[in-house]
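A.B. asks: Residue numbers (full-length UniProt numbering): 1 to 279.
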Ligand SMILES: Nc1ncnc2c1ncn2[C@@H]1O[C@H](COP(=O)(O)OP(=O)(O)OP(=O)(O)O)[C@@H](O)[C@H]1O
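1. Could you spell out where the beta strand (DSSP E) holding residue 87 opens and where it closes?
2. Assign residue 172 to one of three DSSP states: helix, strand, or coil.
3. Relative to the alpha-carbon of residue 117, which residue among 222, 235 and 27 has its alpha-carbon at the smallest distance?
4. When every heavy atom of ligand 1 is checked, does at least one fall within less than 7 angstroms of the C-beta of residue 239?
5. Under the rule that 16 or more other beta-carbon atoms within 10 Å means buried, what is residue 199, buried or exposed?
6. Below 7 angstroms CB to CB, which residues in the same chain sit around residue 263 once its five sequence neighbours on both sides are set aside?
7. So is the beta-carbon of residue 94 under 7 angstroms away from any non-hydrogen atom of ligand 1?
8. Does the distance from the CB of residue 204 to the CB of residue 100 come in under 8 angstroms?
9. Classify residue 30: buried if its beta carbon has 16 or more other beta carbons within 10 angstroms, exposed otherwise.
10. Jot down the residue ranges of each uninterrupted beta strand (DSSP E) in the stretch 120-159, minimum 3 residues, whole runs only, in chain order.
11. Just grab the DSSP bridge partners of residue 80 for me.
12. If residue 35 sits next to residue 80, beta carbons under 8 angstroms apart, how far is it from one beta carbon to the other, in whole angstroms?
13. Residue 114 and residue 72: beta carbons closer than 8 angstroms?
14. Our contact map puts residue 90 next to residue 96 with C-beta atoms below 8 angstroms; I'd like the distance itself, whole angstroms only.
15. Starting from residue 52, trace the alpha helix (DSSP H) in both directions and tell me its first and last residue.
16. Thinking just about the alpha-carbon of each residue, which of 236, 187 and 219 is nearest to the one in residue 93?
17. Does the Cβ of residue 98 lie closer than 7 angstroms to at least one heavy atom of ligand 1?
18. Quick one: using the 10 Å Cβ neighbour count with 16 as the cut-off for buried, is residue 309 buried or exposed?
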């Protein structure tokens, strides 16, 4: 997975991809080319997974009888450009998070390729912060991990705490993260990540966890981040969030890209699909 800028390659590649070719005036930031992602699940049928049985299989060079494969993303292809905010929608288990993790470089595709022009940052509900450290220490660690120097951390610290709203009802920032509600923790994670502009920002449901005021602040911030030249991907089950923030949407169903186009068109088709499925 490329994390180095590769502009010349991008220019060439954009010309060879079929009808999803990047228009000449827009710079591609992410190219997903016929990507398949397959998970291997061990112990799927239970039973024969004792260490002794595993050792015996290894000695006999046999595969685990209980290994199963889940084909989570099936031949997805698209090109994303600088300045775009792209929504990803689909039913539960349709492959949205898997696709984001592949763009972030955290999951190797079984086949196909993901090219990224710039460093993707995945901001998920599960993004790693240290539970036993205080919110305060996590802000510092998070900023350092994003490449800020100590002076920049100092400069951004108060702004991050204020944005998160963690201290609105008392001095919670000096308490360990494990004492936070899941919504508070998600707000802090978002606030840390949003303090910096990103080449490619991947947001997995993190915006859904805050209250209305926080959601409004974060939507504004995502707009600014887009303006600062990045590309933003947003996975959400909240159709309003997708409509408010993204002008383009990808609809995944059972791992297949069903639609890729202007948000309103895609959302109407997706909502119609969801309605008929419920009947
Ligand atoms: N670590 C894993 N190991 C095995 N299978 C997995 C793993 N993670 C996801 N899957 C499977 O991959 C498929 C896609 O899952 P994914 O989490 O990407 O879907 P999603 O669209 O993000 O779902 P949701 O809307 O419920 O969050 C599902 O069938 C899921 O069971």
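Backbone N, C-alpha and C fix where the C-beta goes; we use that ideal spot for every residue, glycine too.
C.D. replies: Straight from the coordinates:
1. 85-89
2. coil
3. 27
4. no
5. buried
6. 87, 242, 243, 246, 247, 248 and 249
7. yes
8. yes
9. buried
10. 120-124
11. 30
12. Actually they do not touch by this definition, with Cβ atoms about 13 angstroms apart.
13. no
14. 5 angstroms
15. 51-59
16. 236
17. yes
18. Here the chain has residues from 1 to 279 only, and residue 309 is not among them.
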